[in-house]
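>
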């Protein structure tokens with residue numbers, strides 16, 4: 014992905030959300046490692062890592078959540094009303110962020126983050142349904158205009 018200012022979000026079809034997804038997946042991995050290094054976890058013999066991993070995970074979560082308003086602003090400023098297959102790159106990071114919030118909330122004992130995760134999950138499910146409808150409608154029209162005939 015190219016580093017572009019927010020105005021650069023005017024071009025593209027939703028695939029710029031991938032950066033937020035990368036932050037969320039990193040946060041999810043951190044939460045799982047933090048949980049594993051808990052004294053009761055499978056890596057309980059590494060409790061010295063539990064605190065630092067928890068801190069890194071929370072910093073990554075803040076970064077992941079801070080990326081959302083930028084992306085939502087870009088969507089509001091430059092709406093993309095037409096379906097494009099790259100819209101799935103919007104849906105996936107939202108779902109990942111929702112699940113990440115739920116896992117971090119359980120690992121770090123943060124009920125407010127769990128509530129945020131539940132809200133984001135419903136938003137992600139709604140966007141998944143809208144994107145699926147767009148894909149089905151495009152399929153009814155014979156697929157993408159950009160596709161070259163095979164053979």
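Numbering (our numbering), first residue to last: 14 to 164.
All residues carry an ideal CB built from backbone N, CA and C; glycine is no exception.
Under 7 Å Cβ to Cβ from residue 136, same chain only, skipping five residues before and after it: list those, please.
Closer than 7 Å at the Cβ level, and outside the excluded window around residue 136, lie 107.
> Under a three-way DSSP split, which group does residue 35 fall into?
Reduced to three states, the DSSP call for residue 35 is helix.
> Pop quiz: residue 117 and residue 35 are said to be a contact at Cβ under 8 Å. What is the actual Cβ separation, rounded to whole angstroms?
About 16 Å; that fails the 8 Å criterion.
> Where do the N-terminal and C-terminal ends of the alpha helix (DSSP H) with residue 114 fall, by residue?
Note, residue 114: alpha helix (DSSP H), 101 to 121.
> Is residue 58 buried or exposed, if buried means 16 or more other CB atoms sit within 10 Å of its CB?
Flag for residue 58 reads exposed.
> Quick test of the definition: if touching needs 3 or more C-beta pairs under 8 Å, does the stretch 100 to 115 touch the stretch 123 to 141?
Touching, per the Cβ criterion.
> For residue 65 and residue 51, I'd like the C-alpha separation in whole angstroms.
One C-alpha to the other measures close to 12 Å.
> Any heavy atom of the ligand HEM closer than 7 Å to the Cβ of residue 30?
This structure does not include the ligand HEM; it has no bound ligands of any sort.
> Closest to residue 121 by C-alpha separation, out of 31, 30, 46 and 32, would be which residue?
Checking every option, the nearest Cα to that of residue 121 belongs to 46.
> Using the rule of at least 16 other Cβ atoms within 10 Å of the residue's Cβ for burial, across every protein chain shown, is residue 131 buried or exposed?
Exposed.
> Would you give the residue range spanned by the alpha helix (DSSP H) that residue 67 belongs to?
Note, residue 67: alpha helix (DSSP H), 60 to 90.
> Excluding five sequence neighbours on each side, which residues of the same chain lie with their C-beta closer than 6 Å to the C-beta of residue 69?
Within the same chain, residue 69 has close Cβ partners 43.
> Would a C-beta distance cut-off of 8 Å place residue 151 and residue 96 closer than the cut-off?
Cβ distance < 8 Å, so residue 151 and residue 96 count as in contact.
> Give the straight-line distance between the Cα atoms of residue 94 and residue 33, rounded to the nearest whole angstrom.
Each residue's Cα considered, the two are about 21 Å apart.
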